[in-house]
Every structure is written in C-alpha cells, then in structure tokens.
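Structure first, then comments.
Protein chains in written order, with my numbering: chain A, -12 to 116; chain B, 183 to 379.
What follows is the structure, encoded as structure tokens:
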C-alpha cells in the first residue's frame, strides 16, 4: 500500500507537467483562430457605418468629399488588415499538420511492413504452392 | 534544400529518374529482410526531420539528416531516402514530384557515400565510432549541397555562386547534424551495437 502511494506521488509532477505542456500546445494551436478583444469590440466596417449615418446632416459639398476621403482611408486600412490576415492564414494552411505527419509515418511503416510480411512468408515457407 | 518542379531541364529530370530507379533496385537487392524494420524507423525519422526548423537569423533552415541515414542504413540508405522524399513531396509539398529523381540523387548519393565512409572509419572503439559518426553527419549535408549546386548548374545556374550560398546556409545545419549523428552513434554503440554493423 505504501509503495503505491510513493509511486503516485513520484509520477504526479510528471503528469502535471504533461498537462501544462498539453494546455500550452492547445492554446498555441488555436491562437490564430481566436479574435483579439479589439476585433470583437469593433468589427470590420463598423466605423464606416457610423460615419455614413452622420452623412445626412452634412449639406456642404466639400464636407461630403472630406467624409468620403476619410471613409476611403478607413476602407483601405481595413482591406490591408484583411489581406494581412489572409496571408497569415495561407501560411498557416501551408504548414503540414499533425495528421499529415502521422499519416506519412503510417505510410512508411505500412509500406515496409507489407514488404516485410511477404518476405517473412517466403522465408518461413508457410505459403505452399 | 529541395529542388522544385520545372527548375531542371527535361533531360536531367529523366536521367536522374533513371539513376534513382537503378540505385533503388541495387538498394533493394542489398537489403536483408531482417533489416527492414530498421529501414522503416530510419525512414520515418528522415521523413519527420525536415519539419524541424531551426531559426537562423532572418530565415530558418531545416534538418535533412542524409548523413545519419547513411550511417545507420549503409547500402539500404537509398530506398529510405526515395521513400521519405516521395512522401514529403506528396504530403508536405517539399520539392516537386517531377524533381523527385533529382532530389533523391541529391540526398541519396551522399547518404550512400557517407555509409561507405562510416564503414571504413568506424573501427572498434566507442571513440572512433563517435568521431566517424560526427564526421559522416557533417559530410552528408555538405555533400548534398555539392550535388544541389551541380544539379542546379545543369538548369543554367552559376555553379560556384549557388554552391557558396548553399554552403554558407547549410553550415550551421551540418554542424547540428554532426552533433545529432554523434549522439545517435554513441547511444547505439552503448545500447545496441548490432545496429551499427
């Protein structure tokens, strides 16, 4: 009974470390997919909508032009942000994930395993012709 | 250090494919059934090693381990390299499918050379094994750089220019691979020396 407790105690830090590493991996794995607080509070295009609601107040032509210019700058900023995000996404997608890595190892083991199986059959003489 | 599709001229592509098929056939002939599990494990390690990126200044380089494959597999190394590179190009898009022959030559022939060299140098003691392992790990990458420059030369590149750039870029990787091969050989010599025969 006592030895069992000793064993549990000695394994526990390792198990905790494993959990911490696993949690860190999960966080890192999902990090790019999560939206930042700033993005949630002001979604894309919200500024422009509030700007165009003010538009009916303006009568002056010059004011309208200035407003349009400001809107254009905002839109191009948003577009640049989206382009950056797309580029980051593309890079993340081009990286092989764990499924491809383990799949590849599986292919190698499986392929050589099949060869090994046939060679072993030939050598042990279990196949009768 | 992978050659992409369409970089090399057609004649070289076909020639390297023919050479790859011939060398693979020789490798299959020389591989004993008992060593197949070893080939499988080393191939998997080679396949995965290219995903380990090492940050190096503004860019990053990745391991390729031709030296270690040669040391561990000897004459069977070419099968391992071809299989690993084929799956890398299919699953990871590293190097093109049509350039598979050239890529195999680039990594496989250094592996075979290093395997032969290791057999000559390893001696019987742990020390000689360790030194031979480190040297072979280092030479594997350096030789593959030489082959890369030679292959790109056929595609119209300047041999010395490409060679110099690739050599400088791969020098840190070669040193890391020498250390890896050194540790692997020391470990195997202590734990399971039959694997190094």
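We put the CB at the ideal spot given by N, CA and C, even for glycine. Quick caveat: nothing in here was measured; it's all calculated off a predicted structure.
Three-state class that DSSP yields for residue 238(B) in the structure shown: strand
The segment 292 to 302 of chain B contacting the segment 337 to 350 of chain B, beta-carbon criterion three pairs below 8 Å: no
Proximity of residue 97(A) and residue 270(B) at Cβ, strictly below 9 Å: no
Where residue -8(A) falls: helix, strand or coil (DSSP): In this predicted model, residue -8(A) has a pLDDT of only 46, less than 50, meaning its place in the structure is not dependable enough to derive any value.
Supposed contact pair residue 229(B) and residue 87(A) - C-beta distance, whole angstroms, cut 8 Å: Wrong, their Cβ atoms sit about 10 Å apart, outside the cutoff.
8 Å Cβ cut-off: residues of chain B touching residue 107(A): 215
Cβ neighbours of residue 311(B) in the same chain (closer than 8 Å, five flanking residues each side left out): 304, 305, 367, 368, 371, 378
Reduced DSSP secondary structure (H/G/I, E/B, other) of residue 223(B): helix
Residue range of the alpha helix (DSSP H) that includes residue 85(A): 85 to 111
Members of the segment 212 to 237 of chain B that neighbour chain A once the beta carbon cut-off is set at 8 Å: 215, 218, 219, 221, 222, 225, 226, 229, 230, 233
Stretch-stretch touch, CB-based, cutoff 8 Å, three pairs: the segment 210 to 218 of chain B with the segment 255 to 265 of chain B: yes
Buried or exposed by the 16-neighbour rule on C-beta atoms within 10 Å, applied to residue 237(B): exposed
Beta-bridge pairing of residue 192(B) - partner residues as DSSP gives them: DSSP lists no partner for residue 192(B).
Any chain A beta carbon closer than 9 Å to residue 184(B): no
Below-9 Å beta-carbon distance, residue 112(A) vs any chain B residue: no
is_contact[residue 275(B), chain A] using C-beta, thresh 9 Å: yes
Neighbouring residues, chain B, relative to residue 87(A) (Cβ below 9 Å): 273, 274
Nearest-angstrom Cβ-Cβ length linking residue 225(B) and residue 254(B), presumed shorter than 8 Å: Between residue 254(B) and residue 225(B) the Cβ distance is about 10 Å, and since that is not below 8 Å, they are no contact.
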